[in-house]
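Worksheet for the structure shown next.
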Amino acid sequence: MNCVLEQWNQYEEAVKRRAVQNRRITELQKLIGEVPVAQPSDRQFIDTRSRKAEAESRRMAMNCGLMVIERNIKLFHTTLSSLDKPVCPISDQLVCSTDKTDVREEVSAALQNNHLLRSSLKERKNRKPEYDHTGMHCERAELRFPEGRI
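Sequential numbering of the sequence shown, starting at 2, is according to this note's numbering.
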C-alpha cells in the first residue's frame, strides 16, 4: 500500500511540475511575441547583398592569386634545379657553360617573394572578417605586396 501511495505522490508532483513548465512556456512565448523584429530597409538589403558579392569576389581573387603563386613557386623550383645542370633548357643536346649566378640569385629572390606572398594571402584568407556595429561585414586591412618581382 505504501508503494502505491508513494507512486501517487510522485505522480502528483510530476503533474505540478508540468503545470509550472506549461505556465513558464506560455510566459516566454508571450515575451517572444512582444519583442519587435526590425526588418532591414530596402537600402540595407541592397547594401548587404553588394557587400556579400564584393566579399565573394575578393575571396575568389585570393584563391586565384594563391593558385598563380603556387604555380610560380613550382616553376621557380624547377628553374633553380635546371640551373644546377649544364644542360641547355632548349635542348638536351646543347651544353651550357654560361655563369648562371646572377640568374640563380634573381630566381631565388623571386621564389622568396612568392613564398612571402603565399603566406600573406593564406593568413589573410584564414582571418575571420570583422564586423561593424550594424553587423555588416567590413575589411580593415588591405593586402600589401612586397617590393620586387613577383
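Cβ atoms here follow ideal geometry from the backbone N, Cα and C, with glycine treated the same way.
**Asked** Assuming ILE74 contacts ARG119 under a Cβ cut-off of 8 angstroms, what Cβ separation, rounded to an integer in Å, is found between them?
**Response** Along the sequence shown, read from residue 1 onward, the residue named residue 74 stands at position 73. Along the sequence shown, read from residue 1 onward, the residue named residue 119 stands at position 118. Yes, ILE74 and ARG119 are in contact; Cβ-Cβ is about 7 angstroms, under 8 angstroms.
**Request:** Identify, in the order they occur along the chain, each residue of the same chain with its Cβ nearer than 6 angstroms to the Cβ of LEU84, setting aside the five sequence neighbours on each side.
**Result:** On the sequence shown, residue 84 is found 83 positions in, with the first residue counted as 1. Correct list, in chain order: LYS101, ARG105.
**Request:** May I ask you to report which of helix, strand or coil DSSP gives VAL187?
**Result:** In the structure as shown, the chain starts at 2 and stops at 151, and residue 187 therefore has no counterpart that could be examined.
**Request:** Buried or exposed for ILE26, please, with buried defined as at least 16 other CB atoms from any protein chain shown within 10 angstroms of its CB.
**Result:** As a working note, residue 26 is residue 25 in the sequence shown. So ILE26 ends up on the exposed side.
**THR49 and PRO37 closer than 9 angstroms at C-beta** = As a position in the sequence shown, residue 49 is number 48, starting the count at 1. As a position in the sequence shown, residue 37 is number 36, starting the count at 1. No, the pair does not count as a contact, with Cβ atoms beyond the cut-off.
**Prompt:** Going along the chain, which residues of its own chain have a beta-carbon closer than 7 angstroms to the beta-carbon of SER51, five neighbours each way excluded?
**Reply:** Within the sequence shown, numbered from 1, the residue matching residue 51 stands at position 50. Nothing listed; no residue qualifies.
**Asked** Can you tell me whether DSSP reads GLY136 as helix, strand or coil?
**Response** For the purposes of this step, residue 136 is taken as residue 135 along the sequence shown, with counting starting at 1. Here GLY136 scores only 49 on pLDDT, less than 50, and its place in the model should not be relied on; the value that follows carries that caveat. It is coil, neither helix nor strand.
**Asked** Got a sec: is the Cβ-Cβ distance from HIS78 to anything in chain C below 9 angstroms?
**Response** Included in the structure is just one protein chain, with no chain C present.
**Request:** Please classify VAL108: is it buried, with 16 or more other beta-carbons within 10 angstroms of its beta-carbon, or exposed?
**Result:** Your numbering for residue 108 matches position 107 in the sequence shown. Answer is buried; the Cβ neighbour count reaches 16.
**Request:** Hey, could you find the ends of the alpha helix (DSSP H) GLN113 is sitting in?
**Result:** For the purposes of this step, residue 113 is taken as residue 112 along the sequence shown, with counting starting at 1. Looking at the DSSP string, the run of the alpha helix (DSSP H) that includes GLN113 is 102-127.
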